[in-house]
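Below is one structure, written out as structure tokens, with a few remarks after it.
Numbering (my numbering), first residue to last: 196 to 402.
Below is the structure:
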């Protein structure tokens, strides 16, 4: 009787271990997307958010500040200011007082707006993830021939706020570092170019 009871417990323990192993494997497979989903919900706050950033690529480096509200953003550097209202983009070049108007692609937006990944990851990418130094390192790899083939996103494990995005484009890798992220109440008007503020600017419509 005692031997049968021990055998039953051994069988139950084995089944429980297998069940836990399967559950853990499923959880790990889901974790990367869950982390990105939570990050997206924080970054895409309805009221808006602000941060500072630096961008380093093949032969160039710049930095500045960015304000975001959903898909809208305004990015300011020493060289230029970019406004995007969700459809139209205005780029003001300080050196020659020129404003270019365009309807940018997702790849072009990603090179300017470090937070654009929160819309890109949901389709056309597969995910893997590791934990390192208190951060999630999420690796996204494209499943088709799109502009950005790979991305590495560093996300704080406690706050779910991203601090770095590395992305592979045709000309190589771009690294965007982000800091001082704060949620703010922003008006929609700040994401559109106002010609009254730049009376001497030449406007060039590239749409």
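No residue lacks a Cβ here, since even glycine has one placed at the ideal position from N, Cα and C.
The alpha helix (DSSP H) spanning residue 293 covers which residue range? Run containing residue 293: none in the alpha helix (DSSP H); it sits in the beta strand (DSSP E), 293-297.
Go ahead and pull the three-state DSSP assignment for residue 342. coil
Let's see if you can read the secondary structure: which residues bound the alpha helix (DSSP H) around residue 244? Looking at the DSSP string, residue 244 is not in any alpha helix (DSSP H); the run it does join, the beta strand (DSSP E), is 244-252.
Which same chain residues, not among the five before or five after residue 329, have their C-beta less than 6 Å away from its C-beta? 352
Using only the alpha-carbon positions, how far apart do residue 316 and residue 266 sit? As the crow flies, the alpha-carbon of residue 316 is around 14 Å from that of residue 266.
Straight-line CA distance for residue 178 to residue 340? Lying before the first or after the last residue shown, residue 178 is absent from the chain, which here runs from 196 to 402.
What is the rounded straight-line gap between the Cα of residue 331 and the Cα of residue 309? 17 Å
Find the nearest neighbour of residue 234 within the set 319, 388, 357, judged by alpha-carbon distance. 357
Go to residue 305, then tell me how far its alpha helix (DSSP H) extends in each direction, as first and last residue. Note, residue 305: alpha helix (DSSP H), 301-307.
Spatially closest choice to residue 320 from 311, 307, 337, by CA coordinates: 337
Alpha-carbon to alpha-carbon, residue 226 and residue 272: 35 Å
For residue 402, tell me which candidate among 318, 298, 343 has the shortest Cα-Cα distance. Just measuring C-alpha positions, the residue of 318, 298, 343 sitting nearest residue 402 is 298.
Cβ-Cβ distance between residue 248 and residue 369 below 8 Å: no
Can you tell me which of the three DSSP states residue 312 falls into? helix
Nearest neighbour of residue 367, chosen from 237, 325, 252, 242 [CA to CA]: 252
CB contact flag (residue 347, residue 237, <8 Å): no
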